[in-house]
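Participant:
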Amino acid sequence: MAGGLVKYRHLSRNSAHRQALLRNLVTSLVKHESIRTTWAKAKETQRLADKLITLAKRNNETARRKAHGILFTPDELMPKLFRTLRERYAERPGGYTRVLRTEPKSTYDQAPTAILEFVDGPKDMRFHMTAATYARNQVLGLKFNKITTLNRKKATQFRKDGKEDFDKMVAQMKGLGFGQTAEEKRSRHEARMESIKENAKNAKAAKSRPQVETETPSAEEVTVQGKGEKKNVNVLR
């Protein structure tokens with residue numbers, strides 16, 4: 307119908323090319339759990355990725371066949387999809403992926419880009435960024451605003467052992483220097499540079515140190531007398 311609402315993005319491709327592109331992107335997403343692409347491709351791949359997780363949660367023969375037809379490398383990724391990812395999102399009602407806008411790729415390529423990632427995974431960016439904010443505020447003694455508290459709730463609500471993992475990540479972020487003043491960062495950087503210089507100096511000294519020559523064993527001929535005969539035997543000294 308002329309003037310009808312477009313239900314999906316065509317991505318400047320025909321139907322077969324578009325489906326192959328989305329299958330390729332969702333295969334990479336299942337394998338790496340985080341990919342970077344254009345904003346339009348990320349939004350279209352998000353729909354297919356959520357559908358794939360729904361099939362994994364059904365976990366029947368029909369769902370397995372459909373998922374097998376979507377993935378480009380099913381023999382490699384089907385176990386991960388129907389074990390790791392299915393168990394991770396067993397209690398989550400929806401929203402298995404997240405799209406985060408990023409800066410354009412380069413000065414000459416200003417296409418809107420984004421990161422598409424699985425939530426509650428090892429590469430969950432909101433989880434890490436919220437932990438970094440918590441670490442900074444705790445070190446500086448600042449109060450947490452509503453957005454930070456809400457992000458913490460979202461990042462740990464359906465995550466297994468979410469609060470314990472979040473506290474560990476906050477401690478790790480503190481160890482990385484989040485919340486330190488400029489002077490503390492400068493002193494830490496200087497100490498690190500001194501350590502690097504010292505290690506390089508020791509390595510150079512060890513390399514230039516003369517190697518001790520070991521004496522090669524010399525062979526000496528010894529006469530051995532046996533039963534009625536004599537033999538000359540070379541013995542290493």
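Take the numbering used here: the last position of the sequence shown gets the number 543, and nothing is skipped along the way. Cβ atoms here follow ideal geometry from the backbone N, Cα and C, with glycine treated the same way. Computed from a prediction, not measured in an experiment: that's the story for all the values here.
1) Could you round the C-beta distance between Ala-437 and Phe-472 to whole angstroms and report it? I think they count as a contact, below 8 angstroms.
2) Mind the definition here: the segment 412-422 touches the segment 390-400 only if three or more C-beta pairs lie below 8 angstroms; say whether that holds.
3) Rounded to whole angstroms, what's the CA-CA distance from Thr-368 to Leu-387? Just pull it up for me.
4) Considering only the alpha carbon of each residue, which of Asp-467, Met-435, Gln-463 and Val-445 lies closest to Thr-252?
5) Roughly how far, in whole angstroms, is the beta-carbon of Ile-376 from the beta-carbon of Arg-342, given that I think they are within contact range, below 8 angstroms?
6) Check for me: the alpha helix (DSSP H) holding Glu-367 runs from which residue to which?
7) Between the Cα of Thr-360 and those of Asp-430, Arg-398, Asp-381 and Val-405, spot the shortest distance and give me the residue it belongs to.
8) Bridge partners of Ala-420, per DSSP?
9) So, with DSSP's three-state summary, where would you put Lys-449?
10) If you follow the alpha helix (DSSP H) that Leu-328 is part of, which residue opens it and which one closes it?
11) Spell out a yes or no on whether the segment 444-461 and the segment 490-505 are touching, meaning 3 or more CB-CB pairs, one atom from each, closer than 8 angstroms.
12) Count the other C-beta atoms from every protein chain shown that fall within 10 angstroms of the C-beta of Gln-416, then say buried if there are 16 or more, exposed otherwise.
13) Touch check for the segment 347-361 and the segment 316-330: three-plus C-beta pairs under 8 angstroms?
14) For Thr-403, count neighbouring Cβ atoms within 10 angstroms of its own Cβ and tell me buried if that reaches 16, exposed if not.
15) Over what stretch of residues does the alpha helix (DSSP H) that includes Pro-399 continue unbroken?
16) Which two residues bound the contiguous alpha helix (DSSP H) that contains Val-476?
17) My output table needs one value for Met-307: the three-state DSSP class, helix, strand or coil.
18) For Met-307, count neighbouring C-beta atoms within 10 Å of its own C-beta (all shown protein chains included) and say buried if the count is 16 or more, exposed if not.
Facilitator: In short:
1) Here residue 437 refers to the residue found at position 131 when the sequence shown is read from its first residue. Here residue 472 refers to the residue found at position 166 when the sequence shown is read from its first residue. Yes, Ala-437 and Phe-472 are in contact; Cβ-Cβ is about 6 angstroms, under 8 angstroms.
2) Verdict: no, contact absent.
3) Within the sequence shown, residue 368 is the residue found at index 62, counting from 1. Within the sequence shown, residue 387 is the residue found at index 81, counting from 1. Their backbone Cα atoms lie some 15 angstroms apart in a straight line.
4) Residue 252 is absent from the model: the chain starts at 307 and stops at 543.
5) Start at 1 with the first residue of the sequence shown, and residue 376 comes out as number 70. Start at 1 with the first residue of the sequence shown, and residue 342 comes out as number 36. Not quite, the Cβ-Cβ distance comes to about 21 angstroms (not below 8 angstroms), so this is no contact.
6) On the sequence shown, position 61 is the one that residue 367 refers to. Segment 367-376, the alpha helix (DSSP H) holding Glu-367.
7) As a first step, residue 360 is located in the sequence shown; it is residue number 54 there, counting from the start. Distance from the Cα of Thr-360 is smallest, within the candidate group Asp-430, Arg-398, Asp-381 and Val-405, for Arg-398.
8) Within the sequence shown, numbered from 1, the residue matching residue 420 stands at position 114. Assignment of beta-bridge partners to Ala-420 by DSSP yields Thr-343 and Arg-407.
9) Locating residue 449 in the sequence shown gives position 143, where the first residue counts as 1. Reduced to three states, the DSSP call for Lys-449 is coil.
10) Counted from its first residue, the sequence shown places residue 328 at position 22. For Leu-328, the uninterrupted alpha helix (DSSP H) segment begins and ends at 321-338.
11) No, they do not touch.
12) Counting from 1 along the sequence shown, the entry for residue 416 is found at position 110. That one is exposed.
13) Taking a cut-off of 8 angstroms on C-beta distances, the segment 347-361 touches the segment 316-330, as three or more cross pairs fall below it.
14) Residue numbering aside, residue 403 sits at position 97 when the sequence shown is read from its first letter. Around the C-beta of Thr-403, 16 or more other C-beta atoms lie within 10 Å, and the residue is accordingly described as buried.
15) Stepping through the sequence shown from its first residue, residue 399 is reached at position 93. Pro-399 -> no alpha helix (DSSP H), and no H or E assigned at all.
16) Along the sequence shown, one-based indexing puts residue 476 at 170. Counting along the chain, the alpha helix (DSSP H) containing Val-476 begins and ends at 468-481.
17) Taking the first residue of the sequence shown as position 1, residue 307 is located at position 1. Confidence in Met-307 is poor, its pLDDT being 45 and thus under 50, which makes the residue's placement unreliable; the coordinate value appears in the next sentence. DSSP places Met-307 in coil when its eight states are reduced to three.
18) The residue you call residue 307 lines up with position 1 of the sequence shown. Caution applies to Met-307, whose pLDDT of 45 falls short of 50 and renders its modelled position unreliable; the model cannot decide the point.
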